[in-house]
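What follows is a set of notes on a single structure, which appears directly below.
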């Protein structure tokens, strides 16, 4: 299989590390004192089937990749590899090298993806390994880097047998996690992120804060640190929050929040059931009875950030009057889930509710 000219892939962001499709190795990311290129290695399992694509994405917005004319399948001494795959956007010219070789112990082909980039580029490399599917490589990676690179092996541009990419992704995840487990997941096709969900009485909620970089307003990472977006989700002003949820989901109204709160004992007590079991200041943790897992994210206003570890606030879609809208607030020093208004310019968290 060769490429006579540039060929574009559509990125499919499925983090299937360490569960059969892709196994992530310990990092060998390095740069010596002489300023040589740094390298990140990720191992891929089994043979690349014809039509499958090994693809690369960025944690805060996925790249389309081009295979240049020099990037082709070559066979040398039983070894297959692709090189010269370049991002079309972003900083620097990262070179992706895919090296596949036979594993003598089990006669299967194994592979290694090497992401090589100049030391002085902004395209620094670390792994975002999606909490559900593999371990935390943070201690082994460049945890201070701002750009996250992920590698995935699942579907070609149309998937096997011409299946649409999104269907292929769902089929792959069903095979990996099981169809029953996937019922508790939301796959956001806009950026291919996967979220846990939870059923609370008659409602289906996201069990994690939204991370989508919505248009039509402003979104933030707490303290302008992308690591906080990965852990806690984004903060949104109201104008970004109101249309941020994916198709089939929506920003809950005040009435829908009150339905949840009343099911969990009312405003004075519901916070205990909604808060996560760790992370809150002064042992102000909840019991997370329904796996809502609210984390103490804090909030933002005028490019300043407040109350990490102390509180979290979620937007409601309902207006209060003027330029204010309702929210739900949870705090470390009490068990309440308070409903009150706030100015639209504040940066708060978003939890989506299924339509």
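Numbering (this note's numbering), first residue to last: 15 to 369.
For glycine and all other residues, C-beta sits at the position ideal for the given N, C-alpha and C.
- The C-beta distance from residue 251 to residue 360 rounds to 7 Å, short enough to meet the 8 Å contact threshold.
- Cα atoms of residue 207 and residue 199: separation of roughly 10 Å, rounded to the nearest angstrom.
- Check the Cα spacing between residue 256 and each of 341, 277, 316, 274: the tightest is with 341.
- Within the region 310 to 360, no run of alpha helix (DSSP H) reaches 4 residues while sitting entirely inside it.
- Taking C-beta separations shorter than 6 Å and ignoring five residues to either side along the sequence, the partners of residue 222 in its chain run 209, 210, following chain order.
- Following the DSSP letters along the chain, one finds residue 294 in no beta strand (DSSP E), marked with neither H nor E.
- Here residue 346 is near residue 324, since their CB atoms are less than 7 Å apart.
- Cβ contact annotation for residue 311 (same chain, cutoff 6 Å, sequence separation greater than five): 246, 326, 363, in chain order.
- Taken through DSSP and simplified to helix, strand or coil, residue 255 comes out as helix.
- Annotation: the region 206 to 287 contains the following complete segments of the alpha helix (DSSP H) (minimum length 4 residues), in chain order: 240 to 246, 252 to 255, 268 to 277.
- Residue burial is scored here from C-beta neighbours: residue 357 has fewer than 16 other C-beta atoms within 10 angstroms and is therefore classed as exposed.
- Inter-residue distance for residue 248 and residue 238 is about 10 Å (C-alpha atoms, whole angstroms).
- Of the residues assessed, residue 291 falls on the exposed side of the cut-off, its CB having fewer than 16 other CB atoms within 10 angstroms.
- For residue 365, no beta strand (DSSP E) run applies, since DSSP gives it neither H nor E.
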